[in-house]
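**Q**
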Amino acid sequence: MNRFLVAMVALVVGGSGTALASSQASQDELASRIGALETQVVEHGVPMPPMPIAPQPKRMQVAQSAASLAVRVDRLEEQMRQYNGQIEELNFRVRQLQEQLQRFQEDTEFRFQDLEGGKRPRRSSNNRPQPSNPAPQQFDQLGSPPQSLGSLSQDPAPQNNDFGSSNLIGQAPSGNGSAPIDLSSMLGGGGVSQPANNGAFGASSAGGLTGDPNSDYDVAYGYMLQSDYVAAEQAFQQFVGAYSQDRRLPDGYYWLGEAKFQQGKYRDAIQVFLDAYSKYPSAQKAPDMLLRTGMSLRQINERDAACATYEELLQKFPNASSAIRQRVRAEIQSAKC
């Protein structure tokens, strides 16, 4: 029995050795064949393919970051395009607002000029003194005869006595040989009606004055602010008649004419503005006087005289306020001068 076991073990060991020897021979043969193939490849000049290299973690991170940056750049470009469109729209709206604001400022400046900036205090209707003995609404004279602006008298004035011969309203620019425009002839002889009395302007109704020019001026101007043009006309008539040396006399004449203009007394207003301008051609209100003169002439259908007045204003006062110049141009366009 023991011999049988020993024989079996020997058989197994022998078989294993044979198998191992056979496996070793196969490996040697395979290595030999691979070596032969490599030798043939090298001899024929065929390069060996590189061994694949697994991507490194850093390279993968760089690739992912580049892709993320590209996406972010695309988004930023899209946002920039949207912002540019919004900026252009806002710029357009700002330009519109600036134009509207400029028109509003010019219109406001003109209105404030008419009301002297609205700085004077308003007076309530209960506390304001009422002028006694209402002044006549027609008047005869404003002082010495005007020296430069044509006549509006009812009877045509003589050729040599028509308020002087130089600087008439509407005088053509030098070099064209045109004669000055005579407002009296344009009005067709229908000038301002004259009062029956020949007293000084406003003197007949000076009973309501206080004797203080500042107070009386404020009272008259308060009527203008309250749009009480009848009372304003009477009060300014009293003022210009009583305070001939006051520094605000030109303004008083202007507001007197303005009060008449607002009541539709256009011929009377023309007379006041012309006489005041001829007396005070350098006054601060001189451009306003000419502007209202032209507007009053338009109201009585004297287009040529109005156009001449506007031309006089632009020539004499090139530095007038933008509101005045804009209004003059608008009136010229409206009158088709």
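If you use mature numbering (1 follows the signal peptide of the UniProt record, and there is no 0), the sequence shown corresponds to residues -21 to -1, 1 to 316, in order.
All C-beta atoms, glycine included, are put in the ideal place defined by N, C-alpha and C.
On a predicted model such as this, the values are computed, not experimentally measured, just so you know.
Can you tell me which of the three DSSP states residue 276 falls into?
**A** The sequence position of residue 276 within the sequence shown is 297, counting from 1. In this structure, residue 276 counts as helix in the three-state DSSP scheme.
**Q** Confirm, please, whether the CB-CB distance from residue 203 to residue 238 is below 8 Å.
**A** As a first step, residue 238 must be located in the sequence shown, where it is residue number 259. As a first step, residue 203 must be located in the sequence shown, where it is residue number 224. The answer is yes: Cβ separation under 8 Å.
**Q** In chain order, what residues of the same chain lie with their CB nearer than 6 Å to the CB of residue 225, ignoring the 5 residues before and after it?
**A** On the sequence shown, position 246 is the one that residue 225 refers to. Closer than 6 Å at the Cβ level, and outside the excluded window around residue 225, lie 192.
**Q** Under 7 Å Cβ to Cβ from residue 293, same chain only, skipping five residues before and after it: list those, please.
**A** Counting from one through the sequence shown, the residue named residue 293 turns up at place 314. Same-chain partners within the cutoff: 307.
**Q** With a 10 Å radius around its C-beta and 16 neighbouring C-beta atoms as the bar for buried, classify residue 178 as buried or exposed.
**A** Stepping through the sequence shown from its first residue, residue 178 is reached at position 199. Unreliable placement is indicated for residue 178, whose pLDDT of 34 sits below 50; the coordinate value is still reported in the next sentence. That one is exposed.
**Q** Round the Cβ separation of residue 240 and residue 266 to the nearest angstrom and send it over; I've been treating them as touching at under 8 Å.
**A** For the purposes of this step, residue 240 is taken as residue 261 along the sequence shown, with counting starting at 1. For the purposes of this step, residue 266 is taken as residue 287 along the sequence shown, with counting starting at 1. About 15 Å separates the two Cβ atoms, so there is no contact after all.
**Q** Between which two residues does the alpha helix (DSSP H) carrying residue 316 extend?
**A** The count along the sequence shown starts at 1 and reaches residue 316 at position 337. Taken as a continuous stretch (DSSP letters only), residue 316 belongs to no alpha helix (DSSP H), as it is neither H nor E.
**Q** Is DSSP giving residue 214 helix, strand or coil here?
**A** By 1-based counting over the sequence shown, the position of residue 214 is 235. Residue 214 falls in the helix class under three-state DSSP.
**Q** Output yes or no for whether 8 Å exceeds the beta carbon distance between residue 242 and residue 208.
**A** For the purposes of this step, residue 242 is taken as the residue at position 263 of the sequence shown. For the purposes of this step, residue 208 is taken as the residue at position 229 of the sequence shown. Their beta carbons are under 8 Å apart, which means residue 242 touches residue 208 by this criterion.
**Q** Express the C-alpha separation of residue 199 and residue 222 in angstroms, rounding to a whole number.
**A** Taking the first residue of the sequence shown as position 1, residue 222 is located at position 243. Taking the first residue of the sequence shown as position 1, residue 199 is located at position 220. Cα to Cα, the separation comes out at about 13 Å.
**Q** The alpha helix (DSSP H) with residue 193 in it runs from where to where?
**A** Counted from its first residue, the sequence shown places residue 193 at position 214. Residue 193 -> alpha helix (DSSP H) spans 192 to 204.
**Q** For residue 118, which three-state DSSP category applies?
**A** In the sequence shown, the residue the question calls residue 118 occupies position 139. Residue placement at residue 118 is flagged as unreliable, the pLDDT there being 34, under the threshold of 50; the coordinate-derived value follows with that caveat. DSSP places residue 118 in coil when its eight states are reduced to three.
**Q** Taking only the alpha-carbon atoms, compute the straight-line gap between residue 288 and residue 80 and give it to the nearest angstrom.
**A** Here the question's residue 288 lines up with position 309 in the sequence shown. Here the question's residue 80 lines up with position 101 in the sequence shown. Our two residues, residue 288 and residue 80, have alpha carbons roughly 30 Å apart in a direct line.
**Q** Pick helix, strand or coil for residue 222, following the three-state DSSP scheme.
**A** The count along the sequence shown starts at 1 and reaches residue 222 at position 243. Coil.
**Q** In the DSSP assignment, find the alpha helix (DSSP H) that holds residue 264 and state where it starts and stops.
**A** Along the sequence shown, read from residue 1 onward, the residue named residue 264 stands at position 285. Per DSSP, residue 264 belongs to no alpha helix (DSSP H) and is neither H nor E.
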